[in-house]
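Asker: At position 85 of the sequence shown (counting the first as 1) the number is 85 in UniProt numbering, and the numbers step up by one without a gap.
Even for Gly, the Cβ is constructed at its ideal location relative to N, Cα and C.
This structure is a prediction, so every number in the text was calculated from the model and none was measured.
Input: one structure, supplied below.
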Amino acid sequence: MHISHGGPLPIVILEPETPGAGADDLRSRYGWPEWDLSVIPEPDPAWRLRMNIATQSMETIAHVDHEGWSDVVLREAPEVTKLPDDWWHLLDRTEHVLLCGPAAAVRSHATPADALTAAAGAGPLRAVVARVRFL
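So, in structure tokens, the structure goes:
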């Protein structure tokens with residue numbers, strides 16, 4: 001979770017899936033701006049975090065074209081994992097999420113805030129605010 005000018009905003013920290021994936025990849029392939037942790041980017045209506053209502057889990061992170069079709073699927077959930085209720089309710093309330101990365105070994109940190117701080121210290125981060133879509 002990150003605090004924005006409008007209150008808490010859920011955050012998804014992306015780990016690179018391949019060695020070549022990184023900040024330059026997020027910039028050159030997807031146009032994500034650099035993020036220094038200080039100012040939340042404006043929402044980008046072309047990015048979506050798709051959530052499954054029945055399982056309260058993430059399905060995909062995707063970029064959509066002007067007709068609403070996915071033209072890039074950045075990430076698909078490898079398994080169904082129910083989100084904690086407080087996080088689910090925050091997504092429902094804000095209808096937006098801050099996507100940022102790359103951050104290696106996020107799971108090795110005690111908290112998401114620790115992971116984010118470590119990622120920012122390791123190099124530039126890229127971020128975008130995506131719309132949450134409940135399916």
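1. On the DSSP bridge list, what partners appear for R50?
2. Which partner residues does L99 have in the DSSP bridge list?
3. Can you list, in chain order, the residues of its chain with a C-beta nearer than 6 Å to that of F134? Leave out the 5 residues immediately preceding and following it.
4. May I have the straight-line CA-CA distance separating E15 from A113, to the nearest angstrom?
5. How many angstroms separate the CA atom of T60 from the CA atom of E42?
6. Contact defined as beta carbons within less than 8 Å: I believe A46 pairs with V73. What is the distance between those atoms, to the nearest angstrom?
7. Compute the Euclidean distance between the alpha carbons of T81 and R27, then round it to the nearest angstrom.
Answerer: According to the structure data:
1. T60 and R133, per the DSSP bridge assignment.
2. In the DSSP output, where bridge partners are listed per residue, L99 has V12 and V128.
3. Take F134, set aside five residues on each side of it, and the residues of its chain with a beta-carbon closer than 6 Å to its own are M51 and I53, in chain order.
4. If I take the Cα positions, the gap works out to 15 Å.
5. Each residue's Cα considered, the two are about 21 Å apart.
6. By a beta-carbon distance limit of 8 Å, A46 does not contact V73. Their separation comes to about 13 Å.
7. Each residue's Cα considered, the two are about 29 Å apart.
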